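Asks: Residue numbers (the working numbering): 615 to 823.
Okay, here's the structure, questions in a sec.
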């Protein structure tokens, strides 16, 4: 009889414990589901560590000083970019022009979606004092070159080999686009996918000033 009571007690205790833990388990499952859904959002892409699958440089190796970090309303940090065609370009070379500076990578889905629109907009405004500059970061050079060629990009585009440009501008998501006015001042930061209509509105605003 004692054994029977013991079994009954254990059975009842197990049911009570299961009932008590059920809300906790459900809450944990809900949190997990939310986390999974957030990683699938296409609006922005976190910068991954690509060192395991490509020879991309470690961008944290060369820190920028506080005075070099790009901020809206302040002068854009100057830089030299190695272009895919073998030449180099310096941001200050475009003094007096509106510059659309785009940070991108071939592994970034939103970057891949917006680049054709960037090329079209560049073709439309290139004769009006507007220049686009594409900076590939944390990427494999062959992948970057192949994608730019596939899209047919004609504006200056290249690789930020040592991560200096990335560290100076500090994009918080990929893609990130900076608009720089004729005076060389950062006028806008788009920390996400930039659609063609939005891009044209911002460019026209700069040209009308």
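Yeah, the Cβ is synthetic: ideal placement off N, Cα and C, and Gly gets one too.
In this text, all values refer to a predicted model and were calculated from it rather than measured experimentally.
#1: Report yes or no: do three or more beta-carbon pairs, one from the region 695 to 706 and one from the region 744 to 753, lie closer than 8 Å?
#2: Report the CB separation of residue 769 from residue 817 in whole angstroms; it is logged as a contact under 8 Å.
#3: Near residue 741, which residues of its chain fall below 7 Å by C-beta distance, leaving aside the five closest residues on each side in sequence?
#4: Alpha carbon to alpha carbon, how far is residue 722 from residue 806?
#5: Any contact of the region 703 to 718 with the region 792 to 799, i.e. 3+ C-beta pairs under 8 Å?
#6: I'd like to check one pair, residue 789 with residue 709: are the Cβ atoms closer than 8 Å?
#7: Within the continuous beta strand (DSSP E) that includes residue 734, where are the two ends?
#8: Please report the distance separating the alpha-carbon of residue 691 from that of residue 745.
#9: Express the C-alpha separation of residue 733 and residue 561 in angstroms, rounding to a whole number.
#10: What first and last residue would you give for the beta strand (DSSP E) that runs through residue 705?
#11: State the Cα-Cα distance for the pair residue 771 and residue 688, rounded to the nearest angstrom.
#12: Can you say whether residue 654 is buried or exposed, counting buried as having 16 or more other CB atoms within 10 angstroms of its CB?
#13: In angstroms with no decimal places, state the Cα-to-Cα distance between residue 773 and residue 758.
#14: Since I believe residue 743 is in contact with residue 702 (beta carbons under 8 Å), could you give me their beta-carbon distance rounded to a whole number of angstroms?
#15: So which of 720, 783 and 730 has the shortest CA-CA distance to residue 755?
#16: Pick out whichever of 803, 767, 766 and 775 has its Cα sitting closest to the Cα of residue 783.
Replies: With the structure as the only source:
#1: Short answer: they touch.
#2: Here residue 769 refers to the residue found at position 155 when the chain shown is read from its first residue. Here residue 817 refers to the residue found at position 203 when the chain shown is read from its first residue. With 8 Å as the limit, residue 769 and residue 817 do not qualify as a contact, their Cβ atoms being about 13 Å apart.
#3: Counting from 1 along the chain shown, the entry for residue 741 is found at position 127. Hits under 7 Å: none found.
#4: Against the chain shown, residue 722 aligns to sequence position 108. Against the chain shown, residue 806 aligns to sequence position 192. Their backbone Cα atoms lie some 11 Å apart in a straight line.
#5: Flag = yes, the region 703 to 718 and the region 792 to 799 touch.
#6: What you label residue 709 is simply residue 95 of the chain shown in a count that begins at 1. What you label residue 789 is simply residue 175 of the chain shown in a count that begins at 1. No, they are not a contact pair.
#7: The residue given as residue 734 occupies position 120 in the chain shown. Looking at the DSSP string, residue 734 is not in any beta strand (DSSP E); the run it does join, the alpha helix (DSSP H), is 723 to 739.
#8: For the purposes of this step, residue 691 is identified with residue 77 of the chain shown, where counting begins at 1. For the purposes of this step, residue 745 is identified with residue 131 of the chain shown, where counting begins at 1. Those two C-alpha atoms are separated by around 16 Å.
#9: There is simply no residue 561 to check, as the chain begins at 615 and stops at 823 in what is shown.
#10: The residue you call residue 705 lines up with position 91 of the chain shown. In this chain, residue 705 is not harboured by any beta strand (DSSP E), its DSSP state being neither H nor E.
#11: Walking along the chain shown from the start, residue 771 turns up at place 157. Walking along the chain shown from the start, residue 688 turns up at place 74. Here the alpha carbon of residue 771 sits roughly 24 Å from the alpha carbon of residue 688.
#12: Within the chain shown, the letter at position 40 stands for residue 654. Note that residue 654 scores 30 on pLDDT, short of 50, meaning its location in the model is unreliable and no value can be drawn from it.
#13: Within the chain shown, numbered from 1, the residue matching residue 773 stands at position 159. Within the chain shown, numbered from 1, the residue matching residue 758 stands at position 144. About 8 Å.
#14: If you number the chain shown from 1, residue 702 lands on position 88. If you number the chain shown from 1, residue 743 lands on position 129. About 22 Å; that fails the 8 Å criterion.
#15: Sequence index remark: in the chain shown, residue 755 carries index 141 (1-based). Closest option to residue 755, Cα to Cα, is 720.
#16: Sequence index remark: in the chain shown, residue 783 carries index 169 (1-based). With distances taken between Cα atoms, residue 783 lies closest to 803.
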